[in-house]
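*Asks:*
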Amino acid sequence: MEHIITTEHLTKEYKNFIAVNDVSIHVRQGSIYGFLGPNGAGKSTTMKMLLGLTAPTKGNFTIDGKHFPQDRLAILKETGSFIESPSFYANLTGRENLDIIRRILDLPKSAVEEALELVGLSEFGDRLAKKYSLGMKQRLGLAGALLGRPPILILDEPTNGLDPSGIHEIRNLVKSLPGLYDCTVFISSHMLSEIELMADDIGILNHGSLLFEGSLHDLRQNALKNGFATNKLEDVFLSMIDKDNADRKQRAIL
Amino acid sequence: MNSLMIELRKEKRTGVIPVLFSVGILGAAYAFVNYMVRKETLLSLPLDPMDILLTQLYGMIMVLNLFGVVVAACMIYNMEFKGNAVKKMYMLPVSVPTMYFSKFVILTVMLLFAVTLENAALARIGVVEFPHGAFDMRAVVAFSLYSFITTMPTLSFMLLVASRFENMWIPLGVGVAGFLSGMALAAADAALLMVHPFVIMLKPAIAMSAQPDVLVAVVSVVETALFLGVGLWMAKRLQYE
Ligand SMILES: Nc1ncnc2c1ncn2[C@@H]1O[C@H](COP(=O)(O)OP(=O)(O)OP(=O)(O)O)[C@@H](O)[C@H]1O
Ligand SMILES: [Mg+2]
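Just so you know, the protein sequences line up as chains Z and F, in that order.
Just add 270 to the spot in the first sequence (first one is 1) and you have the working numbering.
Once you know that position 37 of the second sequence is 34 in the working numbering, the rest is easy, because the numbers rise by one and skip nothing.
(1) Take Asp133 of chain F and list the residues in its own chain whose beta-carbon comes closer than 7 Å to its own, dropping the five residues that flank it on each side.
(2) Against chain Z, does Tyr143 of chain F count as a neighbour if the rule is that its beta carbon must be under 9 Å from one of theirs?
(3) Give a single yes or no on whether Leu411 of chain Z has its beta carbon closer than 8 Å to a heavy atom of ligand 1.
(4) Quick check: Ile370 of chain Z and Ile424 of chain Z, are their CB atoms within less than 9 Å of each other?
(5) Going along chain F, which residues have a C-beta under 9 Å from Gly390 of chain Z?
(6) Taking 8 Å as the cut-off, is the beta-carbon of Glu464 of chain Z closer than that to any non-hydrogen atom of ligand 2?
(7) Quick check on Leu142 of chain F: does DSSP put it in helix, strand or coil?
(8) Since Ala241 of chain F meets chain Z, which of its residues come closer than 7 Å, beta carbon to beta carbon?
(9) The beta strand (DSSP E) that contains Ala28 of chain F, what's its start and end?
(10) Under the three-state reduction of DSSP, which class applies to Tyr97 of chain F: helix, strand or coil?
(11) Going by beta-carbon coordinates alone, are Met107 of chain F and Ala69 of chain F separated by less than 9 Å?
(12) Using the Cα positions of Phe331 of chain Z and Val215 of chain F, report the straight-line distance between them to the nearest angstrom.
(13) Alpha helix (DSSP H) containing Arg342 of chain Z: first to last residue?
(14) Can you tell me whether Asn81 of chain F is helix, strand or coil according to DSSP?
(15) For Ala217 of chain Z, which residues from the same chain have a beta carbon less than 7 Å from its beta carbon, with the 5 sequence-adjacent residues on both sides left out?
(16) Can you name the start and end residues of the beta strand (DSSP E) that His296 of chain Z belongs to?
(17) Touching or not, the stretch 56 to 75 of chain F and the stretch 142 to 161 of chain F, by the rule of three or more beta carbon pairs under 8 Å?
(18) DSSP on Ile58 of chain F, reduced to helix/strand/coil?
(19) Just checking Glu366 of chain Z against ligand 1 - is the residue's beta carbon closer than 8 Å to any of the ligand's heavy atoms?
(20) If you compare alpha carbons, which of Z:Ser301, Z:Asn515 and Z:Ala289 is closest to Glu272 of chain Z?
(21) Quick check: the stretch 453 to 467 of chain Z against the stretch 503 to 510 of chain Z, are there 3 or more CB pairs under 8 Å?
(22) What residues from chain F crowd round Ser351 of chain Z, counting only those whose CB sits closer than 7 Å?
(23) What does a CB cutoff of less than 7 Å around Glu427 of chain Z pick up in its chain, not counting 5 residues either side in sequence?
(24) Around the C-beta of Gly473 of chain Z, are 16 or more other C-beta atoms found within 10 angstroms, so that it is buried, or is it exposed?
(25) May I ask you to list the residues that DSSP assigns as paired with Glu483 of chain Z?
(26) Just the Cα atoms here: how many angstroms apart are Gly449 of chain Z and Asn442 of chain Z?
(27) Can you give me, in chain order, the residues of the stretch 373 to 384 of chain Z that have a beta carbon less than 9 Å from any beta carbon in chain F?
(28) Closest by CA to Thr148 of chain F, which one among F:Val34, F:Gly12, F:Val219 and F:Ala117?
(29) In chain order, what residues place their C-beta within less than 7 Å of a heavy atom belonging to ligand 2?
(30) Please confirm whether any heavy atom of ligand 1 lies closer than 8 Å to the CB of Val83 of chain F.
(31) Give the residues of chain Z in contact with Met76 of chain F, contact being defined as C-beta atoms less than 8 Å apart.
(32) In angstroms, rounded to a whole number, what distance separates the CA positions of Thr327 of chain Z and Thr281 of chain Z?
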């Protein structure tokens, strides 16, 4: 099986604190990989390292066989990304914002309309981005990531701030992407219940460490083996985190 | 070239271009008005008419240019920080130093435009008002270049500062502090003070002669290149936080 993103012992330490601890993940080409973890688990930090927004303290990674930092431009050219809060030029409209990205990526003009259409922003394309609602900014960020159909998508909580129907819509969109064109999606979330509906594979992160990596099926098997409730996968996730937290406390006391 | 076009598009609806454009217009208008009002006093000064024309009016024009450069430099980076747009730029296949350099070019060209406009006004005054033969076009050209070159260290310095602080009040404060300390130090003779970019900028304004000072011009070019170099180097490193 071909892995398009792999990390090896990826670690990020801040002054006296380890945000990402020895994480080795493997994202299969053409799959949707759900990256799960509670607040502060290190999901965004991991994704930032993949995009070169912050440097790893230890370990390394490859994206489509390319390495950082020597292949920075090549990696960024084939990766559409959306990390944490959306970023945009406040003085430009949604359409103009996407046009800047389009020019940087050297794409045809039609790419902008296509991206606006995909995220349902066509109607509001000519409004200033700073006047967008939170959900619209989120959609604009997503459109920026999808622009030009990049083969790799790195999406950090893309449904944050969306209304329930928006969450549903974006989830369906993400789910449809590998069918729409040949791409791999690396997506983070807090909720297994959300990820479970779209992901093929799952990685669970807690306090910077990877607790589990495998397919949804593996996760169910794993749950059974460890005596977790299996009827609702969300509970599996939560009890996994709880158990890890309890272990940590135990270790801290000792 | 492409990155320059992209950079220009980003400028839309920000004040970067209008500010320096207005500074050019205002500076030119000031020259006309001031000369008309103070004509008698100015011409009775015991100086060469060309020196009077170029140096006596330059004080206020210089302050305008300085204001324009400080504000435009602050704005050209503030728009990157405002909606956190710069984060998206780091995630796109763009060279961050190239982006920095494009901003430098835009500010430089706009400043050149403003300086040209102001000096064209001065030249027009000279042509129309001066007794026959007293006007010297070469002196105007030399002084325009000189005032442009001596403004460049401030521009280069302000862009560097603006690129480093997300809060626009910090570079704006640095600009004001630079101006005030520059005013206090400009009259001093110590050549060492010329490391202060605002002191250099003030040099032509406090000189009595319109004759460019070669040392000041050389130091200006060196400082401009130095601040630009540091800015580009920092832009390159910034990807790694
Ligand atoms: N620049 C930084 N300096 C110090 N600590 C940081 C920095 N950036 C992140 N952290 C810490 O690293 C940890 C992981 O943060 P990260 O943003 O990766 O979490 P996350 O999994 O994305 O959480 P969330 O679900 O809330 O988005 C947090 O404890 C955070 O405080
Ligand atoms: Mg996060």
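Positions of the beta carbon are idealized from the N, C-alpha and C atoms, including for glycine.
*Replies:* With the given structure in hand:
(1) Here residue 133 of chain F refers to the residue found at position 136 of the second sequence. Setting aside the 5 residues that flank it on each side, Asp133 of chain F is surrounded in the same chain by Met47, each with a C-beta closer than 7 Å to its C-beta; the list follows chain order.
(2) For the purposes of this step, residue 143 of chain F is taken as residue 146 along the second sequence, with counting starting at 1. No, no contact with chain Z.
(3) Looking up residue 411 of chain Z in the first sequence gives position 141. Looking at the sequence itself, residue 411 of chain Z is Gly, so the reference to Leu does not match. No.
(4) Position 100 of the first sequence holds residue 370 of chain Z. Position 154 of the first sequence holds residue 424 of chain Z. Contact: no.
(5) In the first sequence, counting from the first residue as 1, residue 390 of chain Z sits at position 120. Correct list: empty, because the minimum Cβ distance to chain F is about 20 Å.
(6) Counting from 1 along the first sequence, the entry for residue 464 of chain Z is found at position 194. No, ligand 2 has no heavy atom inside 8 Å of this Cβ.
(7) Your numbering for residue 142 of chain F matches position 145 in the second sequence. The answer is helix: DSSP assigns Leu142 of chain F an H, G or I state.
(8) There is no way to answer for residue 241 of chain F, as the model of chain F reaches only from -2 to 238.
(9) Here residue 28 of chain F is taken as the residue at index 31 of the second sequence, counted from 1. Ala28 of chain F -> not in any beta strand (DSSP E); alpha helix (DSSP H) instead, spanning Val13 to Ser41.
(10) Here residue 97 of chain F refers to the residue found at position 100 when the second sequence is read from its first residue. Tyr97 of chain F falls in the helix class under three-state DSSP.
(11) Against the second sequence, residue 107 of chain F aligns to sequence position 110. Against the second sequence, residue 69 of chain F aligns to sequence position 72. Yes; because the gap between Cβ atoms is below 9 Å, this pair is in contact.
(12) Within the first sequence, the letter at position 61 stands for residue 331 of chain Z. Within the second sequence, the letter at position 218 stands for residue 215 of chain F. Those two C-alpha atoms are separated by around 48 Å.
(13) Numbered from 1 along the first sequence, position 72 holds the residue referred to as residue 342 of chain Z. Unbroken alpha helix (DSSP H) run through Arg342 of chain Z: Arg342 to Lys347.
(14) On the second sequence, residue 81 of chain F is found 84 positions in, with the first residue counted as 1. The answer is strand: DSSP assigns Asn81 of chain F an E or B state.
(15) In this structure chain Z extends from 271 to 524, so residue 217 of chain Z is not present and cannot be described.
(16) Here residue 296 of chain Z refers to the residue found at position 26 of the first sequence. Counting along the chain, His296 of chain Z sits inside the beta strand (DSSP E) bounded by residues His296 to Arg298.
(17) yes
(18) Start at 1 with the first residue of the second sequence, and residue 58 of chain F comes out as number 61. Of the three classes helix, strand and coil, the one that applies to Ile58 of chain F here is helix, per DSSP.
(19) Within the first sequence, numbered from 1, the residue matching residue 366 of chain Z stands at position 96. No; taking the cut-off as 8 Å, the Cβ of Glu366 of chain Z has no heavy atom of ligand 1 nearer than that.
(20) Within the first sequence, the letter at position 2 stands for residue 272 of chain Z. That would be Z:Ser301, whose Cα lies nearest to the Cα of Glu272 of chain Z.
(21) yes
(22) Here the question's residue 351 of chain Z lines up with position 81 in the first sequence. Under the 7 Å cutoff, chain F gives Met88.
(23) Position 157 of the first sequence, counted from the start, is the residue given in the question as residue 427 of chain Z. If we look at Glu427 of chain Z and ignore the five residues flanking it on each side, its Cβ neighbours are Ser458 and Ser459.
(24) Position 203 of the first sequence, counted from the first residue, corresponds to residue 473 of chain Z. With 16 or more other Cβ atoms within 10 Å, it is buried.
(25) Mapped onto the first sequence, residue 483 of chain Z falls at position 213. The partner list for Glu483 of chain Z (beta bridge, DSSP) reads Z:Gly473.
(26) Residue numbering aside, residue 449 of chain Z sits at position 179 when the first sequence is read from its first letter. Residue numbering aside, residue 442 of chain Z sits at position 172 when the first sequence is read from its first letter. Spanning the two alpha carbons is a distance of roughly 11 Å.
(27) Arg373, Ile374, Leu375 and Asp376
(28) Within the second sequence, numbered from 1, the residue matching residue 148 of chain F stands at position 151. For Thr148 of chain F, the nearest C-alpha among the options comes from F:Val219.
(29) Z:Lys313, Z:Ser314, Z:Glu354, Z:Asp426, Z:Glu427 and Z:Ser458
(30) The residue labelled residue 83 of chain F in the question sits at position 86 within the second sequence. For ligand 1, not one heavy atom lies less than 8 Å from the Cβ of Val83 of chain F.
(31) Translated into positions along the second sequence, residue 76 of chain F becomes position 79. Within chain Z, the residues near Met76 of chain F are Tyr359, Ala360 and Asn361.
(32) Taking the first sequence and counting its residues from 1, the one referred to as residue 327 of chain Z is at position 57. Taking the first sequence and counting its residues from 1, the one referred to as residue 281 of chain Z is at position 11. Distance between the alpha carbons of Thr327 of chain Z and Thr281 of chain Z is about 6 Å.
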